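Trainee: So the protein sequences, as listed, match chains A and B. For the numbering used here, add 1006 to where a residue sits in the first sequence, where the first one is 1. For the numbering used here, add 87 to where a residue sits in the second sequence, where the first one is 1.
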Amino acid sequence: MSNSLDSYLVLSALLFAVGSFGFLARRNAISMLMSIELMINAVNLTIVAFGAFVEPLKTHAAVIALIVIAVAAAEATVGLAIIIAIYRNKKTPLVDEYDAMSQ
Amino acid sequence: MPIGDSIPFVGIRWDDLLFVMLAATLLVSALLVVTLRDIIRCGLSLTVSFASLAGIYVMLGNPLIAATQVLVYIGAISVLILFAIMLTQTKNAPSKLVFQTQVLVAAVAAVFIGGVIIATILTTTWPSGGQRLWTATADVAHLLFHDYVLPFEAVSVLLTAAVVGGVYLARREIGKNEGDKP
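#1: So who's on the other strand from arginine 100 of chain B, going by DSSP bridges?
#2: Indicate the three-state DSSP secondary structure (helix, strand or coil) for arginine 1032 of chain A in the structure shown.
#3: Could you tell me which chain B residues have their CB closer than 8 Å to the CB of alanine 1112 of chain A, listed as they occur along the chain?
#4: For chain B, check one thing: does any of its Cβ atoms lie closer than 9 Å to the Cβ of methionine 1007 of chain A?
#5: On a CA-only basis, which of B:Thr175, B:Tyr160, B:Phe239 and B:Val227 is nearest leucine 1063 of chain A? Give me that one, please.
#6: The alpha helix (DSSP H) that contains valine 185 of chain B, what's its start and end?
#7: Interface residues of chain A around glycine 217 of chain B at Cβ under 9 Å?
#8: Does the beta-carbon of proline 1099 of chain A have 16 or more other beta-carbons within 10 angstroms, so that it is buried, or is it exposed?
#9: Mind pulling the alpha helix (DSSP H) runs of 4 or more residues that sit fully within the segment 129–183 of chain B?
#10: At a CB-CB cut-off below 7 Å, which residues of chain A make contact with valine 236 of chain B?
#11: Give me, in chain order, the residues of the same chain whose beta-carbon lies closer than 7 Å to that of phenylalanine 1056 of chain A; leave out the 5 immediate sequence neighbours on both sides.
#12: Does the distance from the CB of tyrosine 160 of chain B to the CB of valine 1054 of chain A come in under 9 Å?
#13: If you follow the alpha helix (DSSP H) that valine 227 of chain B is in, where does it begin and where does it stop?
#14: At the level of alpha carbons, what is the spacing between valine 97 of chain B and leucine 104 of chain B?
#15: Return helix, strand or coil for arginine 1072 of chain A, following the three-state DSSP convention.
#16: Using a Cβ distance threshold of 8 Å, determine whether the segment 1008–1020 of chain A contacts the segment 101–115 of chain B, with at least three qualifying pairs required.
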């Protein structure tokens, strides 16, 4: 089981599905951001799994995974800063109360 | 004393046992992240899922990525998320409703996405060697600083821009929010 590429890919697909459910269903903006992190982790797991099982991709996959981690860190920084800025104006972290454009 | 390739008397390989344990921890903690009511516990369980994913990276023969996962995700992003949770938590916030009203549609969509991806994975024959390869860190460094040096520099510019942008977005405007202390 641990020596087949399929099991890692299925694991990452399940993780991606869980993350997408959280992104669509949660009300709290920070929960949505955490779900995005889960999805990014699932994609990264796919990249590393391909690198570990396919010989020509071996080192390329590691480099791409490092770049993905750095971009995810940048995304988390800006996303949390935006959430804190919105919270300062609206006094709520719940996304369904951000309705200024529908009024 | 060296231990064998598989568990004595049971016949399951150690690798498989480790993979199942790490995968179960990962999926259970990810489910807790999206379902728990208390958002602080969501953040802590997100840390657990990052840690088990680092273990899976080690199993995949990629210790550099595992170390980066621990440093960046557990060390930086988890702490950042916990900080943001504590900054935005209100005592009187209505925490009765964790989910949106579209939760059933979201569940159906997530199951559909997962089903489609898994079906695609299982019906495709991948060019897999059938055993895990070990990635040497020296090769990664060589590739990163020769062939991938332009993405590397672009990422460094992106990180600088993200830090500046984060400080700009989250700063308190002097004179505007002078009176209202949270």
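Just so it is clear, CB atoms sit at the ideal spot from N, CA and C, and this is done for glycine as well. Note that the structure is a prediction, hence the values are computed from the model and not measured.
Mentor: In brief:
#1: According to DSSP, arginine 100 of chain B bridges with B:Ser93.
#2: Of the three classes helix, strand and coil, the one that applies to arginine 1032 of chain A here is strand, per DSSP.
#3: What the structure shows of chain A is the stretch from 1007 to 1109, and residue 1112 of chain A is not part of that stretch, so it cannot be assessed.
#4: So, interface residue.
#5: That would be B:Val227, whose Cα lies nearest to the Cα of leucine 1063 of chain A.
#6: Per DSSP, valine 185 of chain B belongs to no alpha helix (DSSP H) and is neither H nor E.
#7: Going along chain A in sequence order, the residues near glycine 217 of chain B (Cβ under 9 Å) are Asn1009, Ser1010, Leu1011 and Phe1059.
#8: Buried.
#9: Counting only runs of 4 or more, we get 150–155 and 165–175.
#10: Near valine 236 of chain B there are no residues of chain A at all, since even the closest Cβ is about 10 Å away, more than 7 Å.
#11: Here the set comprises Leu1063 and Ala1067.
#12: When the beta-carbon positions are compared, tyrosine 160 of chain B and valine 1054 of chain A stay at least 9 Å from each other.
#13: Secondary structure note for valine 227 of chain B: its alpha helix (DSSP H) is the uninterrupted segment 224–233.
#14: Taking the straight line joining both Cα atoms gives about 11 Å.
#15: Correcting the residue type first, residue 1072 of chain A is leucine in the shown sequence and not arginine. Correct three-state label for leucine 1072 of chain A: helix.
#16: A contact is defined here as three or more CB-CB pairs under 8 Å, and the segment 1008–1020 of chain A meets this definition with respect to the segment 101–115 of chain B.
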